Structure formats: structure tokens, C-alpha cells
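Residue numbers (the numbering used here), protein chains in the order written: chain G, 344 to 598; chain Z, -13 to 203. For glycine and all other residues, C-beta sits at the position ideal for the given N, C-alpha and C. In this text the structure is predicted, and so the values were computed from the model without any measurement. In what follows, a structure is listed as C-alpha cells, so that the remarks can point back to it.
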């Protein structure tokens, strides 16, 4: 069940030809952005549209979006990875199935529902979106870390113990090192998840590109909506690409 | 008005929204299961096409749902159309990937045995590989369904059907009497639907997995 679920999670279909993928994504993104710019330049914008599509406004939204994404991811990493390691310890054997169940069920809670419920507790604003995003992304990362550490071959741990390492040394030098791919995959999941959900942050007045989409829909200005949607998609692809790059660079050699 | 009173008094609206939510997810998952398994069956043996289909479905999943839903408005309009197209597109990755992984993961000895019994390629695929891959495929469909149930909530913003309407109603009436009740009803209703779908897949799993696979070595 666990491995099956993990296999059903995100992986990179381009695995082996990663060099190619690292070039293709930015090229396509540049092309899309250029096409978007050309299309908007050719449009006859009315005053509402031209006011929402200024360089300063778009830049501000981009900064908000990226800030929200990275801050949420950083918090998720700080919370979820240590907890995942703790949960993977043999003496916490009883917690693991609970975490897996809660993580699976937690996925069923719609992120927009979670965000709006957070609003009732904390009011609208950046912090609310941050809390909602962290709550949403913690469980998948925790589960990945836990499973990653647990999947380390017991024979390797046995060998390390036999070499005279203490439990702490085994954890630091063997288990965590071997779990790095799983942890990085979890980190990447968190990033891609939060960059998508950060779009919804606009509903609780946390800014980001979602604001363009929502404003465009509310004012019935399709160009604004489309710019917002395309930029949101581009930033998601860009962050996915960035984390794929980081994954390849940070992976310990020999794995 | 407390939460239970709210649910009782709005039962008609809520049950209709819940039924629509389940329906839209059900249709989308049905279509993408049929298409996804088909793509998996056709491409699992062709590395290039397989890589391409996986890359495209992964790219679709990377697009944030609000963005995809709004980008579909000029093409499929507001409401059911965009919702169905977006949900179907999002479900492809887990289904195609698990189908491919399942079909390729079948023990070569089993395939050899099938061939030795005089089965052709197509028959081996349908009679040996597919049944053995079925548990993994079913897991993919289940994961996709859980994901779609959550995404369908966002579709309410582009006038899609379902319990998401309750959540957005709560958001737009923030601070008024029933705002919290509406949001809670929408969110909890979606969780209930997710649990019911999970039970459904558990039952399907029990009923459709070949008996030989359930024997534990």
C-alpha cells in the first residue's frame, strides 16, 4: 500500500535523460512568456486591464507568490522532516501507521476548505495562507521522509552497527544519507504542492498571481485572467524545474 | 444556528451539491481510467511514446488547478464543461503511470509461461499482464480519485458543480451568521465523499483482484 501510494505520487518521467529536461523546460517557458507578451501587446487594453497589467503590479504579485511558496516550504521542511525521522524510529513503531492513515485521509480535505477555515480562526491575510499551506503540505512530506528512512536496507544498518557505530552515528552517516533521495523528493512535492495552492492564497487576500485570475474573472476582463493563469502555470513549471535541478545536484554520489 | 441545524435546514441543497460533486468526479475518473489504461496498454512497450505520455500528463498536473480551470473558460465555458475537462486531465498521470509500472513489473517468467502456452502477444497482455497489474492500476485510480475530489472543490469558482459552492459561499459571506457553517458543511461533506469513494474502491479491489493474487506466500 505504502510503496504503491508513493509510486503513485510524483516522480520524474524523464529520469534518465534529465540533462535534456533541464534545458527544455526553461526554453519552453521563455517561449510561452514571449508569446503571452506579444499577445497582450497586440491587444487593445481598456483602462482596467492596463492598470492590472503594469510591470510593477505583476512583479509585486510574483514576489508575493514566491515568498508565500518558499516560506511555506521552509516551514514544512523544518517541521516535517525531523518529525518524519522521529516517526521512522523503531521505538515509535506504533505511530507510523497512524501517520500514514492521517496523511492519506488528510489528502481528502480540500485545500480551499482548509484555507477558508483558517480564515475563520486567523482572519484574512498572508499569515492565514501560510498556516493553511503548511498544514496542507506537512503530511505528505512527513510520510515521504518516514517511508524513505524506513526503506533503508536493514543489512546496511546492521553492518554499520557491526563496525562499531553508535545509533546516532548510524542515523546520521547511514540512514539519513541513504534517505536523501526520498527526502528531496518529498521537498519537491512540497514545493510543487505549495506553488499551486499559493494561487488560492488570493482568496484569503494573501496576494500572488491568483489575484490576477480572480480580479479578471470578477471584472470580466479575460486578458487579465489569462495573464494570471499563464503566469501561475509558468511559475509552477519554473519551481518544479528548479527543484528537479536541486534534486540532481544535491543527491549524494553513489546512489 | 449551530452546525447540525444548518445541515438539517439546508439538507436539500447540500445533498444535491454532494451528489453533483460525486457525479462530476465519477464521470471524470471513468473517462480518464478508460483512456489512461488504454494509453498504458498501448505505450508500455514503446519507451519513447511512453516517456512522452508520462511527461505530458506530469506537465498537466504541474499546472495549478485554478489556472487550468480559468484557461479552459474561453474554450469550454463556465460550469460543467471546464470542470469535467480539467478533472479528467488531472487524473491521467497517476493512472497512466501505475498502468505502465504494473504492466512492466509483471514477472518475465509469467509472460514466458503464457507465451509457452501458445498465447499471442495480445492475449498475454490481456490475460496475463493486465490481471497481474490490476492491483497497482486500481491504486492509481484511487489516488487520482482522492485528488480530483479536492480539486473539484476549486471548480466551484468557475461555476462548477459540487460542494465547493458551499465553501465559496462561506468565504464570500465571511463574518455573517452561516459563513462558518457553510464552509464546514462543504469541507466535511467533501471528506465524507472521499471516504465513501475509498470504501467503494476497497470493495472493487476485493471483488476484482484475481484470487491467485490474494494468497499470501
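Around the CB of residue 506 of chain G, fewer than 16 other CB atoms lie within 10 Å, so the residue is classed as exposed. Within 10 angstroms of the beta-carbon of residue 158 of chain Z lie fewer than 16 other beta-carbons, which makes it exposed. With 16 or more other CB atoms across the displayed protein chains lying within 10 angstroms of its CB, residue 527 of chain G is buried.
Taking all protein chains in view, the Cβ of residue 162 of chain Z is surrounded by fewer than 16 other Cβ atoms within 10 Å, so the residue is classified as exposed. Residue range 469 to 493 is occupied by the alpha helix (DSSP H) that includes residue 493 of chain G. Residues 473 of the same chain have their beta carbon placed closer than 7 Å to that of residue 414 of chain G, with the five preceding and five following residues left out of the count.
Within chain Z, no residue has its CB atom less than 8 Å from the CB of residue 389 of chain G, the nearest being about 18 Å off. When CB distances to chain Z are screened at a threshold of 9 Å, the residues of the stretch 534 to 547 of chain G falling below it are 535, 538, 539, 540, 541, 542, 543, 545, 546, 547, in chain order. By the Cβ criterion, the stretch 144 to 153 of chain Z is not in contact with the stretch 79 to 87 of chain Z, since fewer than three pairs of Cβ atoms, one from each stretch, lie closer than 8 Å. If you ignore the 5 residues before and after residue 457 of chain G, its C-beta comes within less than 7 Å of the C-beta of 475, 478, 479, all in its own chain and listed in chain order. Under the Cβ distance rule, residue 412 of chain G does not count among the residues neighbouring chain Z, no pair being separated by less than 8 Å. Under the three-state reduction of DSSP output, residue 388 of chain G falls in the coil class, being neither helix nor strand. Look at the stretch 187 to 199 of chain Z: it has no residue with a C-beta under 8 Å from a C-beta of chain G.
Annotated three-state conformation of residue 595 of chain G is coil, per DSSP. Cβ proximity to chain Z below 8 Å picks out 559, 560, 565, 568, 569, 571, 572, 573, 575, 576, 579, 580, 583 from the stretch 558 to 589 of chain G. Taking a cut-off of 8 Å for Cβ pairs, the stretch 451 to 466 of chain G and the stretch 171 to 183 of chain Z touch, as three or more such pairs fall below it. Annotation: residue -6 of chain Z to residue 137 of chain Z spans about 26 Å, alpha carbon to alpha carbon. One thing to note: residue 546 of chain G has its Cβ no nearer than 8 Å to the Cβ of residue 166 of chain Z. Going by DSSP, residue 69 of chain Z is part of the alpha helix (DSSP H) stretching over 66 to 90. Take the alpha-carbon of residue 544 of chain G and the one of residue 550 of chain G: they are about 6 Å apart. At a beta-carbon threshold of 8 Å, none of the residues of chain Z lie near residue 485 of chain G; the nearest stands roughly 17 Å away. Within the stretch 435 to 463 of chain G, 447, 448, 450, 451, 452, 453, 454, 455, 456, 457, 458, 459, 460, 462, 463 place their CB atoms closer than 9 Å to a CB of chain Z, listed in sequence order. At the C-beta level, residue 577 of chain G and residue 375 of chain G come within 8 Å of one another. Of all residues in the stretch 45 to 56 of chain Z, only 45, 47, 48, 49, 50, 51, 52, 53, 54, 56 come within less than 8 Å of chain G when Cβ atoms are compared, listed by chain position.
In the three-state reduction of the DSSP assignment, residue 93 of chain Z falls in the coil class, being assigned neither a helical nor a strand state. By the CB criterion at 8 Å, residue 14 of chain Z and residue 73 of chain Z fall inside the cutoff.
Taken in chain order, the members of the stretch 164 to 177 of chain Z whose beta-carbon sits within less than 9 Å of a beta-carbon on chain G are 165, 166, 169, 170, 172, 173, 174, 176, 177.
Among the residues facing chain G, residue 67 of chain Z is not included, as its CB has no counterpart in that chain under 8 Å away. In terms of Cβ geometry, residue 135 of chain Z and residue 188 of chain Z do not form a close pair [threshold 8 Å]. The CB of residue 139 of chain Z comes closer than 9 Å to the CB of 453, 454, 455, 456 in chain G, given here in chain order.
When DSSP states are grouped into helix, strand and coil, residue 186 of chain Z belongs to the helix group. If you compare the alpha carbons of G:386, G:490, G:569 with that of residue 518 of chain G, the shortest gap goes to G:490.
The three-state reading of DSSP puts residue 196 of chain Z in coil, since its state is none of H, G, I, E or B. Between residue 150 of chain Z and chain G, the shortest Cβ-Cβ separation is below 8 Å. Sequence-distant Cβ neighbours of residue 55 of chain Z in its own chain, meaning closer than 8 Å and more than five residues away, are 68, 69, 72, 140, 141, 143, 144, 146. Residue 556 of chain G belongs to the set of residues whose beta carbon lies under 8 Å from a beta carbon in chain Z.
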